[in-house]
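Asker:
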Amino acid sequence: MKTAKSALITVLVLLFTFGLLWAGGVVPTGMDDPGAVVQARKAAMHAIKMNMEDIKEKLKGKRLKAVQANAKAVDALARVLPPLYKEVHKEAYDGKGAFYKGAPAAEIEAISGKMSAAAQAMFAAAGSENQSDIAAGMGQVYQTCGMCHKKYQGKF
519 MKTAKSALIT VLVLLFTFGL LWAGGVVPTG MDDPGAVVQA RKAAMHAIKM
569 NMEDIKEKLK GKRLKAVQAN AKAVDALARV LPPLYKEVHK EAYDGKGAFY
619 KGAPAAEIEA ISGKMSAAAQ AMFAAAGSEN QSDIAAGMGQ VYQTCGMCHK
669 KYQGKF
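Per our numbering, numbering of the sequence shown is gapless, rising by one per residue and ending at 674.
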């Protein structure tokens, strides 16, 4: 038992140390590479889409309180978007995303704020099990998606 506790403490200390090094920029994140930034953008967009699809299924199944987890995830992702769009990195897109026109950082920040607010409203509506307000929040999130995609990228 004593050996297991020692091993656990050692692992935790190593993880904590690695976390501090990564957070301090000692361990590279790759986010100075335009390709890595574009991949992070795509992953965030995909995660938002998957959460919204999951919310839709939960509404169909009348699992309204369960929507809170997805709403929190969408809120967190909305808050992560602005730093990912500080620079355009148009050259890092390939294929389908090659037509990305680049959005001004301030506009991304404003739209992300609207998405975050809509996700927070969905969270509250799910807490009170208000299906119509959850649906309204979904519409607001999708509207914010369209604000960028229609103007700067296209289909979402």
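All C-beta atoms, glycine included, are put in the ideal place defined by N, C-alpha and C.
By how many angstroms is the C-alpha of G664 removed from the C-alpha of E605?
Answerer: In the sequence shown, counting from the first residue as 1, residue 605 sits at position 87. In the sequence shown, counting from the first residue as 1, residue 664 sits at position 146. So the alpha carbons of these two residues sit roughly 20 Å apart.
Asker: In three-state terms, what does DSSP make of H607?
Answerer: Along the sequence shown, one-based indexing puts residue 607 at 89. H607: coil per DSSP, three-state reduction.
Asker: D550: buried (16+ other C-beta within 10 angstroms of its C-beta) or exposed?
Answerer: In the sequence shown, counting from the first residue as 1, residue 550 sits at position 32. Exposed, by the Cβ-count rule.
Asker: Do you know whose CA, among K669, G655, F534, C666, lies nearest K574's CA?
Answerer: Looking up residue 574 in the sequence shown gives position 56. Ranking K669, G655, F534, C666 by Cα distance to K574 puts G655 first.
Asker: Assign I629 to buried or exposed, taking buried as 16 or more other Cβ atoms, counted over all protein chains shown, within 10 Å of its Cβ.
Answerer: Here residue 629 refers to the residue found at position 111 of the sequence shown. So I629 ends up on the buried side.
Asker: With distances taken from CA atoms, which of D612, C666, Q649 is nearest Q586?
Answerer: Counting from one through the sequence shown, the residue named residue 586 turns up at place 68. If we check each option's Cα against that of Q586, Q649 comes out closest.
Asker: What number of angstroms, rounded off, separates the C-alpha of E627 from the C-alpha of L577?
Answerer: Within the sequence shown, numbered from 1, the residue matching residue 627 stands at position 109. Within the sequence shown, numbered from 1, the residue matching residue 577 stands at position 59. Answer to the nearest angstrom: the Cα atoms are 29 Å apart.
Asker: Answer with buried or exposed for F534, where buried requires no fewer than 16 other C-beta atoms within 10 angstroms of its C-beta.
Answerer: Locating residue 534 in the sequence shown gives position 16, where the first residue counts as 1. By the 10 Å Cβ count, F534 comes out exposed.
Asker: I need the straight-line Cα distance from R559 to K567, nearest angstrom please.
Answerer: In the sequence shown, counting from the first residue as 1, residue 559 sits at position 41. In the sequence shown, counting from the first residue as 1, residue 567 sits at position 49. Roughly 12 Å between the two C-alpha positions.
Asker: Beta-carbon separation of R518 and S634 under 8 Å?
Answerer: Only positions 519 to 674 of the chain appear in this structure, which leaves residue 518 out of reach.
Asker: Can the beta-carbon of A589 be found less than 8 Å from the beta-carbon of A637?
Answerer: Sequence index remark: in the sequence shown, residue 589 carries index 71 (1-based). Sequence index remark: in the sequence shown, residue 637 carries index 119 (1-based). Cβ atoms of A589 and A637: closer than 8 Å.
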